[in-house]
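J.:
In full-length UniProt numbering, the protein residues as written are 1 to 430.
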């Protein structure tokens, strides 16, 4: 029977691309400064970024839900905020807490969590990457094809594409669930360990799935799409800025009577602000994914070739830096929204301002009290009527109008016809 290994050994074998995990124990031949780099990066930098990023993504999701009008871009930003928040949460559970809590990586609770959270982390990373691609495509259609944007970018289609993205990401990451197995030590009933499976050690699986397909699906293809579409968006924004300057110069020369026409021809500031936000989010994602791509290439070379031991220290150092940059990429979006969108800041102030919330609650209570008062007055006016007038009020409309027309000289009869009707309905004239 195989010896039961703790999670430190597992992390040594789990030299993965974008979720690189390192042992808490320095391996033989590792440079002395590696432990210090690992502790500083995981505890001093990555952990605070992850905690603040979870809070920021939660606030961003709440603010984006508070917009009165839904749009496809805001829906995609909401989905990206959810994926980033869970991504940061798993980063804390899987990586950072191992350096904060003594013996955490040997506890059965952590071993069980690692067995299921390890592939889930890949699903969230892949989902977040392709949601960023969908976000870029959405803004590209809105900017370059504004006449067709309303027909192509619908909320129903956006929800369907988001669900399809999550489904395909989950299907692609299913093999990750079979890379490790839980084992129990025969002499210690309560001892639980985790071992790599033969499936993970298979050379064909490692070469094609973990190296080639992961390189193409998680990095090369989305990065090429993001770079091309983002470049086109930047060119469009530059042309829009130059056109706006020309329109402003013309505005200074025309009469005040043409003000409406000139203002209507200017590009909307709100749409431009949303496009700027998307461009910056995509640029940050591209820069952060470059380090993950370099780490993946180093890991692929050390795995595929036997004479690449001299790259091991560089790979370990790059993987620790990569983990910090991945957390930064998932946590920075809230600050981008705050700095680039005046509308987002206004909605944020209205949402989390105590006086605004108190005034909002007071308005709701006032409306409810006014509605109850109107209902009470309406019911009281109906009950106070005499019995013969109440009976005439509930006659069919045709009979009531007939009675009214035959008794034109009696003003009480006319009043009886409409006294218990809705307060917003006016009686017919004449």
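Yeah, the Cβ is synthetic: ideal placement off N, Cα and C, and Gly gets one too.
For clarity, every value in this text was computed on a predicted model and none was experimentally measured.
(1) In whole angstroms, what is the alpha-carbon distance linking residue 375 and residue 360?
(2) Which value, in whole angstroms, describes the spacing of the CA atoms of residue 219 and residue 118?
(3) For the ligand SAH, I want to know if residue 284 counts as a neighbour, meaning its beta carbon is within less than 6 Å of at least one of the ligand's heavy atoms.
(4) So within the segment 173-214, which uninterrupted alpha helix (DSSP H) runs reach at least 4 residues, ignoring any that extend past its ends?
(5) Just tell me which of 304, 68, 125 has its CA closest to the CA of residue 204.
(6) Any Cβ of chain D within less than 7 Å of the Cβ of residue 35?
(7) Going by DSSP in three states, residue 67 sits in which element: helix, strand or coil?
(8) Just verifying my parser: in three-state terms, what is the DSSP assignment at residue 295?
(9) Give the list of continuous alpha helix (DSSP H) stretches no shorter than 4 residues that lie fully inside the segment 264-351.
(10) Any idea if residue 326 is buried or exposed, counting beta-carbon neighbours within 10 angstroms, 16 or more meaning buried?
(11) If you pair each beta-carbon of the segment 139-153 with each one of the segment 82-98, do three or more pairs fall below 8 Å?
(12) Select from 352, 378, 334 the residue whose C-alpha is nearest the C-alpha of residue 56.
(13) Does the distance from the CB of residue 279 to the CB of residue 233 come in under 7 Å?
(14) Look at the Cβ atom of residue 431, then the Cβ atom of residue 316, and state whether they are nearer than 7 Å.
(15) Out of 215, 86, 339, 48, state which residue places its alpha-carbon closest to the alpha-carbon of residue 128.
(16) Using C-beta distances below 8 Å, list every residue in its chain close to residue 52, excluding the 5 sequence neighbours before and after it, in chain order.
(17) Roughly how many angstroms separate the alpha carbons of residue 298 and residue 358, rounded to a whole number?
(18) Determine the closest residue to residue 106 out of 217, 194, 230, with distance taken between C-alpha atoms.
(19) Buried or exposed for residue 318, going by 16 or more other Cβ atoms inside 10 Å?
(20) Given this structure, state the Cα-to-Cα distance separating residue 207 from residue 82, to the nearest angstrom.
(21) Output the boundary residues of the alpha helix (DSSP H) element that contains residue 78.
(22) My output table needs one value for residue 393: the three-state DSSP class, helix, strand or coil.
(23) When we look at the beta-carbon of residue 77 and count the other beta-carbons within 10 Å, is it buried (16 or more) or exposed?
(24) At the level of alpha carbons, what is the spacing between residue 216 and residue 172?
(25) In terms of residues, what are the limits of the alpha helix (DSSP H) holding residue 129?
(26) Give me, in chain order, the residues of the same chain whose beta-carbon lies closer than 7 Å to that of residue 175; leave out the 5 immediate sequence neighbours on both sides.
T.: Answer, in terms of the structure:
(1) Each residue's CA atom was taken as its position, placing residue 375 and residue 360 some 23 Å apart.
(2) Using only the alpha carbons, I get a separation of about 19 Å.
(3) Absent from the structure shown: the ligand SAH. Ligands present: none.
(4) For the alpha helix (DSSP H) assignment, the uninterrupted runs of no fewer than 4 residues enclosed by the segment 173-214 are, from N- to C-terminal side, 198-201.
(5) Ranked by how close their Cα comes to the Cα of residue 204, the residues 304, 68, 125 have 304 in first place.
(6) Absence of chain D from the displayed structure is noted, only one protein chain being present.
(7) In the structure shown, residue 67 adopts coil according to DSSP, grouped into three states.
(8) In the three-state scheme derived from DSSP, where H, G and I count as helix and E and B as strand, residue 295 is classed as helix.
(9) Correct list: 269-304, 312-331, 333-340.
(10) Answer is buried; the Cβ neighbour count reaches 16.
(11) They do not touch, by the three-pair rule.
(12) Nearest option by C-alpha distance: 334.
(13) Result yes, Cβ atoms of residue 279 and residue 233 sit closer than 7 Å.
(14) The first residue shown for the chain is 1 and the last is 430, placing residue 431 beyond what the model contains.
(15) Taking only the C-alpha atoms, the option nearest residue 128 is 86.
(16) So the qualifying residues of the chain are 331.
(17) Rounded to the nearest angstrom, the two C-alpha atoms are 56 Å apart.
(18) It is 194.
(19) Classification of residue 318: buried, given that the 10 Å Cβ count is 16 or more.
(20) Distance between the alpha carbons of residue 207 and residue 82: 32 Å.
(21) For residue 78, the enclosing alpha helix (DSSP H) starts and ends at 72-94.
(22) Any reading at residue 393 needs caution, since the residue's pLDDT is 48, under 50, leaving its predicted position unreliable; the model's value is listed next. Looking at residue 393 - three-state DSSP - the assignment turns out to be helix.
(23) Around the CB of residue 77, 16 or more other CB atoms lie within 10 Å, so the residue is classed as buried.
(24) In a straight line, the C-alpha of residue 216 is about 13 Å away from that of residue 172.
(25) Start and end: 108-144.
(26) Hits under 7 Å: 209.
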